[in-house]
Amino acid sequence: MTKEEAKKRIADLTAMLQQHNYNYYVLSQPAISDYEFDALLKELEQLEAHFPELKLSDSPSQRVGGEPTRFFATVKHKYPMLSLSNSYSEAEIAEFDTRVRKLLAGEEVEYVCELKYDGVAIGLTYEKGLLKQAVTRGDGLQGDDVTANVKTIKSIPLRLRGNYPDELEIRGEIFMSLRGFRQLNAEREEIGEAPFANPRNSASGSLKMQDPKEVAKRPLDCFLYYLPRESPHYTTHYGSLKYAGKLGFKVSKNVAVCTSIGEIFEFIHDWDEGRSQLDYDIDGIVIKVNSLAQQKRLGFTAKSPRWAIAYKFKAEQAETVLLSVDFQVGRTGAVTPVANLSPVHLAGTTVKRASLHNADIIKKLDLHSGDHVFVEKGGEIIPKVTGVNPAKRKAGAHPVRFISHCPQCGTELLRKEGEAAHYCPNEDFCPPQIKGKLEHFISRKAMNIDSLGEGKIDLLFEKGLVKNVADLYDLEYKQILGLEKIIPGDEGKKEKKLSFKEKTANNIINGIRASKAVPFHRVLFALGIRFVGETVAKKLAAHYSDIDHLSKAGFEELVEVDEIGEKIAESVLNWFQKPENRHIVERLREKGVQLANAAPATPVSNVLENKSFVVSGIFQRYSRDELKTLIEQNGGKNVGGISSKTDFVLAGDKMGPAKKQKADKLGIPIISEEDFEKMIREQTR
Ligand code: IVH
9 MTKEEAKKRI ADLTAMLQQH NYNYYVLSQP AISDYEFDAL LKELEQLEAH FPELKLSDSP
69 SQRVGGEPTR FFATVKHKYP MLSLSNSYSE AEIAEFDTRV RKLLAGEEVE YVCELKYDGV
129 AIGLTYEKGL LKQAVTRGDG LQGDDVTANV KTIKSIPLRL RGNYPDELEI RGEIFMSLRG
189 FRQLNAEREE IGEAPFANPR NSASGSLKMQ DPKEVAKRPL DCFLYYLPRE SPHYTTHYGS
249 LKYAGKLGFK VSKNVAVCTS IGEIFEFIHD WDEGRSQLDY DIDGIVIKVN SLAQQKRLGF
309 TAKSPRWAIA YKFKAEQAET VLLSVDFQVG RTGAVTPVAN LSPVHLAGTT VKRASLHNAD
369 IIKKLDLHSG DHVFVEKGGE IIPKVTGVNP AKRKAGAHPV RFISHCPQCG TELLRKEGEA
429 AHYCPNEDFC PPQIKGKLEH FISRKAMNID SLGEGKIDLL FEKGLVKNVA DLYDLEYKQI
489 LGLEKIIPGD EGKKEKKLSF KEKTANNIIN GIRASKAVPF HRVLFALGIR FVGETVAKKL
549 AAHYSDIDHL SKAGFEELVE VDEIGEKIAE SVLNWFQKPE NRHIVERLRE KGVQLANAAP
609 ATPVSNVLEN KSFVVSGIFQ RYSRDELKTL IEQNGGKNVG GISSKTDFVL AGDKMGPAKK
669 QKADKLGIPI ISEEDFEKMI REQTR
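When you read off a place in the sequence shown, starting at 1, and then add 8, the result is the number in the numbering used here.
This is the structure in structure tokens:
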């Protein structure tokens, strides 16, 4: 490709990708598949790598994040970023309306009601249509330059659309969707990182990270709600929002123009109820005078505009009695105090338990036994204790103390410098930690032994059959057949009986055996080494190619690996230093679990000897590669295309019709993954 051609293609790809980003992230109406999008992006990245001088300043390839920064530069805001005065009652809103009308000498007034997004305020500057700077609110006069991080947020345009001015300032709120927040926390817990307390903390923590590549992985989003400059394009606030939408910004549709106080109250009531349906947190409603001429006449106080006010929602609260406090030990050993409460009705459900978070919170609440406490439901689903009613405290009540030893294994708890949580350090022998490790090992993204979910691990652990992940591979059909357990039903639900009948026992043994085909990087993830998530495991597996090389790597060497920082390196070193862990690795090796990349398949049986297979389509339980490995491990052969010599076509969903026709014509049996499992099952008894 000539340079001229490359220039044209880069410009086309940049414009196309921008349009697709806009369709997806602003309009929520994707026009192409993720796969097609990735292919276009890859093509652009390759061209840019070849002709770096042709890369455009608004290239969508920047969305993956640039170089890390040590410090964020402090930037003075061109227009101060003021806050809003808060109100908590309808009476205060009525007072605001009276004040506004009085200052405007009885003129007609229109208001715009908007949602008050609970995130982090951001000021964006565009020059000649290109995003130049993104600055946090800071103290209102100056904030941090977080441009590199903000460029990774896909709903924020890098280039404006339509009829934009030479210079543009716009304000908005960066937030994290509830779905994104839950997923991020689940991933963090999986690798032993402390979860974020709420979506707002999670958004603000993400925005302050030094590595934009990490920020790019966080599900951040942004609503824009204020243009501080005057413009010939609009005369009202509502008009400015419409204009912002035309420039390509994400502007909320949940906005109303109101002409009476009654309409404002209606908007408030509707959203106080409706907010539980949103996929992001709001903490109130913002009411703004619509006319910009009127806004100008009303002006600002030192702290906030006179033309706007925020109405903050009251968190729904209930008062009840503290019965006792439980201390729960999680998979990572973190100990969480949980209050058992006298049942109370709150926001549509009966609350019997509420989180007390950590020792500091218990202390701050000054919680005593038998206290009357207030519970609230915040953005999180689990209710929390937010206060106590000291007037109702009984004489002689004792302060609630945090425990010093693990309630499950008796080990003395630790609290790391600067961390709020207490930990049980007995990670290899503390029951919930062992069970947690086993549950992680069998999980879908790890070894994917789904026949072992839903309490089955508990049963195997309680019967003393499985104490670590290597023990799974020693299990025999005869041992587990007939095991039983009654699972008590909580919250009024009926108790359940779990019993390993023939089919269940068979599925378990088969599932464990099939997991021997799971590729090395997923095994590495499955081991549950702290801070080694899916991505890190892939990086380590790609670099070291087998577990022996990885286990011998020193600190200096590890931190050289792409994306491996000091914290991860230390954790990997510590894990391999422990004799128990090295022993587990040896036992997994003996059983034929993949501890190297694309290792020659370890034979498991010869039931498929002299049989050739074509694997095609998408499968539910295994990936295609896993099935191919299983075929080889059981003595079979994989062939590329269907011929008269093929013995079986192993077909999943979406196998092409041409393949099916050919197989039918040649009379070759088409089998499902269940049929295939049966074929290799012989082995297990
Ligand atoms: S308007 C000059 N509109 O609430 C007024 N603010 O305490 C500019 N916020 O710092 C703010 N949703 O971070 C405005 N729809 C909305 C908002 C909103 C959330 C935040 C913003 C501001 C704080 C006010």
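Think of the CB as a built atom: it goes at the ideal place given N, C-alpha and C, for glycine as much as any other residue.
Alpha-carbon spacing of residue i relative to residue j, whole angstroms
i, j, result
"E13", "A47", "19 Å"
"S239", "Y246", "13 Å"
"I450", "V526", "11 Å"
"N157", "V143", "10 Å"
"P165", "I317", "29 Å"
"L558", "F528", "12 Å"
"R361", "T328", "11 Å"
"T244", "Y119", "10 Å"
"C230", "E100", "29 Å"
"H277", "T543", "44 Å"
"A19", "L186", "36 Å"
"V294", "R423", "42 Å"
"L658", "G463", "32 Å"
"V622", "K653", "11 Å"
"G541", "E195", "8 Å"
Neighbourhood of residue i by C-beta distance below 8 Å, restricted to the same chain and skipping five residues each side
i, result
"D479", "L473"
"V601", "Y481, S523, K524, V526, V531"
"K770", "No answer is possible for residue 770: it lies beyond the span of the chain, which begins at 9 and ends at 693."
"D374", "V396, P398, P407"
"V647", "S620, F621, V622, K653, T654"
Exposure of residue i, with buried meaning 16 or more beta-carbon neighbours within 10 Å
i, result
"R693", "Residue confidence for R693 is low, a pLDDT of 40 falling below 50, so the modelled location carries little weight and cannot support an answer."
"E384", "buried"
"M687", "buried"
"Q37", "exposed"
"L21", "buried"
"H448", "buried"
"I390", "exposed"
"F104", "buried"
"K575", "exposed"
"F563", "exposed"
"V265", "exposed"
"G114", "exposed"
"Q54", "exposed"
"N614", "exposed"
"T82", "exposed"
"N397", "exposed"
"H413", "exposed"
Contact set for residue i: own chain, Cβ-Cβ below 6 Å, skip 5 residues either direction
i, result
"M663", "S624, G625"
"K84", "Q150"
"P220", "G73, G74, A156, N157, T160"
"V352", "A326, T328, V359"
"A545", "H529, L532, F533"
"Y552", "L558"
"Y32", "P38"
"E177", "T133, P236, R237"
Neighbourhood of residue i by C-beta, 7 Å cutoff - its chain only, sequence neighbours within 5 removed
i, result
"K15", "L62"
"S65", "L138"
"D334", "V346, N348"
"N29", "P68, K162"
"L354", "E324, A326, V383, K385, P391"
"N102", "Residue identity check: residue 102 is Ala in the sequence provided, not Asn. Counting only Cβ-Cβ distances below 7 Å, and skipping sequence neighbours, we find I269."
"N589", "W583"
- Continuous alpha helix (DSSP H) assignments of at least 4 residues falling wholly in the segment 165-252: 186-198, 207-215, 220-224
- Task: Flag this pair as touching only if the segment 124-141 and the segment 170-186 have three or more C-beta atom pairs under 8 Å; answer yes or no.
- Result: yes
- At which residue ranges does the segment 388-476 contain complete beta strand (DSSP E) runs of 3 or more residues, listed in the order of the chain? 392-396
- Counting pairs of Cβ atoms below 8 Å between the segment 246-263 and the segment 97-110, do you hit three or more? no
- Message: Counting beta carbon pairs with one atom in the segment 511-521 and one in the segment 455-463, are three or more of them shorter than 8 Å?
- Response: yes
- For the segment 297-336, list the beta strand (DSSP E) runs that are entirely contained and at least 3 residues long, ordered along the chain. 316-320
- Task: Say whether the segment 402-409 touches the segment 290-310, bearing in mind that this needs 3 or more beta-carbon pairs closer than 8 Å, one atom from each stretch.
- Result: no
- Message: Is it the case that the segment 502-514 contacts the segment 670-684, given that we only count it when at least three CB pairs across the two stretches are under 8 Å?
- Response: no
- Query: Does the segment 485-496 come close enough to the segment 559-579 to have 3 or more Cβ pairs within less than 8 Å?
  - Reply: no
- Item | Continuous beta strand (DSSP E) assignments of at least 3 residues falling wholly in the segment 578-615 | none
- Query: Is the segment 391-398 touching the segment 409-419 in the sense that three or more CB pairs, one from each, lie closer than 8 Å?
  - Reply: no
- Hey, which unbroken runs of the alpha helix (DSSP H) at 4 residues or more fall wholly within the segment 621-690? 632-641, 665-674, 681-689
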